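In order, the protein sequences belong to chains A and B.
All residue numbers for the first sequence refer to our numbering, where the first residue is 38 and numbers rise by one.
All residue numbers for the second sequence refer to our numbering, where the first residue is 7 and numbers rise by one.
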Amino acid sequence: MASSPLVDPHATQAHHRALAHQFDSLDQQKESSTLGMWLFLVTEIMFFGGLFTAYVIYRTLYPQAFALASHTLNVPLGGANTAILIGSSLTMVLAIWAAQVNWRKGIALFLLATIALGATFLGIKSVEYREKFETHHVPGPSFHFVPESEHVKVTDPQLERHASIFFSLYFIMTGLHALHMIIGIGILAVLTVLAWKGKYDSEYHNPLEMTGLYWHFVDIVWIFLFPLLYLLGAHAR
Amino acid sequence: MNTTAAAPPVTTTAETAFRRPNYLNAAYGVRSWLLTRDHKRIAILYLISVTTFFAIGSLFALLIRLELLTPEGDLFQPDTYNRLFTMHGVVMVFFFLIPAIPAVLGNFLVPLMIGAKDLAFPKLNLASWYVYNLGGIFTLWAIIHGGVDTGWTFYTPFSTHYSNTYVIATALGIFINGFSTIFTGLNFIVTIHRMRAPGLTWFRLPLFIWATYATSVIIVLGTPVIAITLLLVAVEKTFHLGIFDPALGGDPVLFQHMFWFYSHPAVYIMILPAMGVESELIAAFARKRIVGYKVVAFASIAIAVLGFLVWGHHMFVAGESIYAATIFSVLSMLVAIPSAVKVFNWTATLYQGSISFQTPMLYALGFIGLFTLGGLTGVMVATLGFDVHVHDTYFVVAHFHYIMVGGTIMGYLGGLHYWWPKISGKLYPAFLSKLAALLVFVGFNLTFFPQFILGYLGMPRRYWSYPPEFQVLNVLSTAGASILGVGYLLPLCYFIWSMRYGKDSGDNPWGAVGLEWDTTSPPPTENFYTTPVVTHGPYEYNREEVHNRMSQEVTLG
Ligand SMILES: [Cu+2]
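Written out as structure tokens, the structure is:
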């Protein structure tokens, strides 16, 4: 053990108010939280991956029931929601851009826009859910499914059971996605308040970027859900 | 390890040891513990929680072994017995074996071993402990209200449609607990990537860090899958859906695929950290570098990767296609290669080492023997034809206990004994601890070796009674379990005793190398007095070699 004076290569930046004690520099802190966020998104991919696997397997096992059941979904509403979510990702990016150019009120405004678009998505989703309740397409005791197809018109108990698996997966997948949206909106609300107070600027806006990654991920999940649930086999309608 | 960390005088006497500021005397009171963000204190919190759950799980094991003392089911109703082995499995797997080494030793050591002040996300680390306990409370609630009887595997449709026990509460407990594991694994990966001390390159990392890294990768990739699987079970049971119920068109084997996609790699979440501990112990008590360091490091990664490709070996008799089963069988056998590489490298390290039989070393040597037996029987059960014969018998039970108890718990206890002076600054009684290590080894073998024979002879697992001809071996097993129990109680007693009455250990009682031994024991809150600078690899016990290499580097530079 030689005791020589130490120069820590990481400790070159001046101490920033947002720098946590375990880090040597804001750069290291930012790299760490970015890596952490990506790892979290990996866990999310595996989480939804399990559901997508189940969906693909049952879709392959029961192609007819799944196609017929998916025809009852409201494509225009689902399509509108897709556009709304992509728009919300744009406003999220604009909020980060506003931080980069030091337009502090702009951050809060774009975050508010993101929240509004997210809430609109949830509103439309709840309209779709209500439709499912009214048509008895919610799995459970009162579940009832008569396909609106030219080929099959009578109630077929086996087809009905398989369709019920489709709707089970539909509600679980879109429900978990909506839950992620709700959590995201909660985080965005906190960020909006903090942004309004001027906590973020071009030097420090890491929380915005991390939340942005999360928000885009939730967006991408929907971009997979929409064609899988609504559009597959739509030409056979 | 040769670092330039300038520490206060390293000589320690009884009086000075605890006057020095350290993480234990940095603050007092319950609040300072419950709100701490210090990874070392969180490790202690985890130690307490994990020990509690180990005690609960052991209690179930004790009751199981008592019932199996006689062929007749005379102590419990069959229903009760089903709940006992289920709760034993659930508590031990999810609340002890998986978190034990990562959350206790990993939490304590990862920042110390890489020269960091803390983990990358200290608040997340504390949150993980709270989440772990929240999951534990759900599970305890289920236990108190009567438990679960599905087996720790929750096979559908029994778990979702027929079992009238507390499946949902237990599944939610495990679901919640999964988040705590994910928080820990994510924290480790980021910390190992971004917080290493200057000069600490990947191939200068201790093998415990490599093993922890590989474990964390499995945790991050696997745990979300068990989370969604158990969530589906809970949802199916609550709303009477048919995702896994064949009567409603669902596929119960899909559940098994999803369950084992996580639960096979989970075995490596348990054993890889123990292998990491093993490497540290062997190097320290043979006073040698681990032979083939890089190979051992990559073997951890290889096990993590292969571990995700073998889950189908749990469904050889569940209607899996013969082609899939053959591939899964071959892939399962491949796992033996990196595992054997490790065992060979440890034994090669022992060769011509200056071995000292300190207590941690006894556990390390025990680990090699027990893990080898567990691993070899693993190749046996991976063999398609043999597995059909011993499937769902005590042979399988013995096999996985040799890995989980003989491997993981030996590694965990060995590691606790090795780093206890680092954690507490105290020494435990040498003779008593060696006796305990011996009791654990003997008790373990007496408990589980007879189960290999029982299983081979055809005794099925999960029954509360058995034909009388199996009694002798079962009595041996129960006798062994009592010895094992004493072996586990002793460390608990003398560790607690040592905190108050133990002799001060000094900073480095083993004369071991490694960044964690370069700071004081117990370490200060920020671990090091100045950020260490690392100039060479781990386990440089051969000083001359260190010198040669350093002068070589100078000449090359
Ligand atoms: Cu397995």
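Beta carbons are placed, not taken as given, at the ideal position from N, Cα and C, and that holds for glycine.
Predicted, not measured: the structure shown is a model, and the values here were computed from it.
Legend entry - For P264(A), three-class secondary structure by DSSP: helix
Inset, instruction - Determine, using beta-carbon pairs with one atom in the segment 381-394 of chain B and one in the segment 351-365 of chain B, whether at least three such pairs fall under 8 Å. - result: Touching, no.
Inset, instruction - Starting from P117(B), trace the alpha helix (DSSP H) both ways and give me its first and last residue. - result: 113-119
Inset, instruction - Kindly list, in the order they appear in chain B, the residues whose Cβ is closer than 8 Å to that of T211(A). - result: None at all; the shortest Cβ gap to chain B is about 13 Å.
Inset, instruction - Measure the alpha-carbon distance for V175(A) versus F203(A) and round it to whole angstroms. - result: 10 Å
Inset, instruction - In the DSSP assignment, find the alpha helix (DSSP H) that holds S285(B) and state where it starts and stops. - result: 258-292
Legend entry - Contact belief for T197(B) with A122(B) at Cβ below 8 Å, rounded distance in angstroms: 6 Å
Inset, instruction - Could you check the C-alpha separation between S338(B) and G517(B) for me, to the nearest Å? - result: 40 Å
Inset, instruction - Could you tell me if D398(B) is buried or exposed, where buried requires 16 or more neighbouring beta carbons within 10 angstroms of its beta carbon? - result: exposed
Inset, instruction - Verify the contact flag: S269(B), CB atom, against every heavy atom of ligand 1, threshold strictly below 8 Å. - result: yes
Legend entry - Paired residues, beta bridge with T466(B) - DSSP: With the sequence shown as reference, residue 466(B) is identified as Pro, and Thr is not the correct amino acid for it. Looking at the DSSP assignment, P466(B) forms a beta bridge with T399(B).
Inset, instruction - May I have a chain-ordered list of the alpha helix (DSSP H) segments no shorter than 4 residues that lie completely inside the segment 89-175 of chain A? - result: With a minimum length of 4 residues, the continuous alpha helix (DSSP H) runs that stay inside the segment 89-175 of chain A are 100-107, 112-137, 141-171.
Legend entry - Beta-carbon proximity check, T130(B) vs N193(B), cutoff 9 Å: According to the sequence shown, residue 130(B) is Leu rather than Thr. A contact, by the Cβ cut-off of 9 Å.
Legend entry - Contact test: W317(B) Cβ vs ligand 1 heavy atom, cutoff 8 Å: yes
Legend entry - Under 7 Å (Cβ pairs) to chain A, residues found in the segment 260-272 of chain B: L260, M264
Inset, instruction - Throw me the rounded Cβ distance for the G6(B) and A443(B) pair, which I believe falls under 8 Å. - result: Limits of chain B in this structure are 7 at one end and 563 at the other, which puts residue 6(B) out of reach.
Inset, instruction - Check whether the Cβ of A57(A) lies closer than 9 Å to any Cβ atom in chain B. - result: It does; some Cβ of chain B falls within 9 Å.
Legend entry - Classification of R506(B) by the beta-carbon crowding that lies within 10 angstroms, buried from 16 upward: exposed
Legend entry - Ranges of the alpha helix (DSSP H) found wholly within the segment 81-161 of chain B, counting only runs of at least 4: If we require 4 residues or more, the alpha helix (DSSP H) runs fully inside the segment 81-161 of chain B come out as 84-96, 113-119, 128-150.
Inset, instruction - Alpha carbon to alpha carbon, how far is T119(A) from Y267(A)? Give it in angstroms, no decimals. - result: Distance between the alpha carbons of Y267(A) and T119(A) is about 11 Å.
Inset, instruction - Could I get the ranges of all uninterrupted alpha helix (DSSP H) runs contained in the segment 380-453 of chain B, with 4 residues as the minimum, in chain order? - result: Qualifying alpha helix (DSSP H) stretches, in chain order: 390-396, 400-409, 416-430.
Legend entry - Residue from E326(B), N351(B), M264(B) with nearest C-alpha to S306(B): Taking S306(B) as reference, the option from E326(B), N351(B), M264(B) with the minimal CA-CA separation is N351(B).
Legend entry - Between the CA atoms of F60(B) and A290(B) - distance to the nearest angstrom: 28 Å
Legend entry - Of the residues L250(A), L56(A), P264(A), the one placed nearest V130(A), counting alpha carbons only: L250(A)
Inset, instruction - At 7 Å on the CB atoms, spell out the chain A contacts of L521(B), in chain order. - result: Those do not exist, as L521(B) stays about 12 Å from chain A at its closest Cβ, beyond 7 Å.
Inset, instruction - Give the residues of chain B in contact with S83(A), contact being defined as C-beta atoms less than 7 Å apart. - result: The residue asked about is misnamed: residue 83(A) is Met in this sequence, not Ser. Neighbours of M83(A) on chain B, chain order: L227, P230, V231.
Inset, instruction - Answer with buried or exposed for Q83(B), where buried requires no fewer than 16 other C-beta atoms within 10 angstroms of its C-beta. - result: Counting other Cβ atoms within 10 Å of its Cβ, Q83(B) stays below 16 and is therefore classed as exposed.
Legend entry - Which of helix, strand or coil DSSP assigns to D193(A): coil
Legend entry - Y329(B) burial status per 10 Å Cβ neighbour count (16 or more: buried): exposed
Inset, instruction - Would you kindly work out how many angstroms separate the C-alpha atoms of S169(B) and Y161(B), rounded to a whole number? - result: 10 Å
Inset, instruction - With a threshold of 8 Å, establish whether the CB of H320(B) neighbours any heavy atom of ligand 1. - result: Yes, the beta carbon of H320(B) sits closer than 8 Å to at least one heavy atom of ligand 1.
Inset, instruction - Would you tell me roughly how many angstroms separate the C-alpha atoms of S483(B) and L72(A), rounded to the nearest one? - result: 48 Å
Legend entry - Neighbour-count burial assignment, P544(B), 16 or more Cβ in a 10 Å radius: buried
Inset, instruction - Could you name the residues of the segment 148-167 of chain B whose beta carbon sits closer than 9 Å to any beta carbon of chain A, in the order they occur along the chain? - result: none
Legend entry - G325(B), buried or exposed, once every other Cβ within 10 Å from all chains shown has been counted against 16: exposed
Inset, instruction - Mind checking the segment 76-100 of chain A against chain B and listing, in chain order, the residues whose C-beta falls within less than 9 Å of any C-beta there? - result: Answer set for the segment 76-100 of chain A: L76, F77, V79, T80, E81, I82, M83, F84, F85, G86, G87, L88, T90, A91, I94, Y95, L98, Y99.
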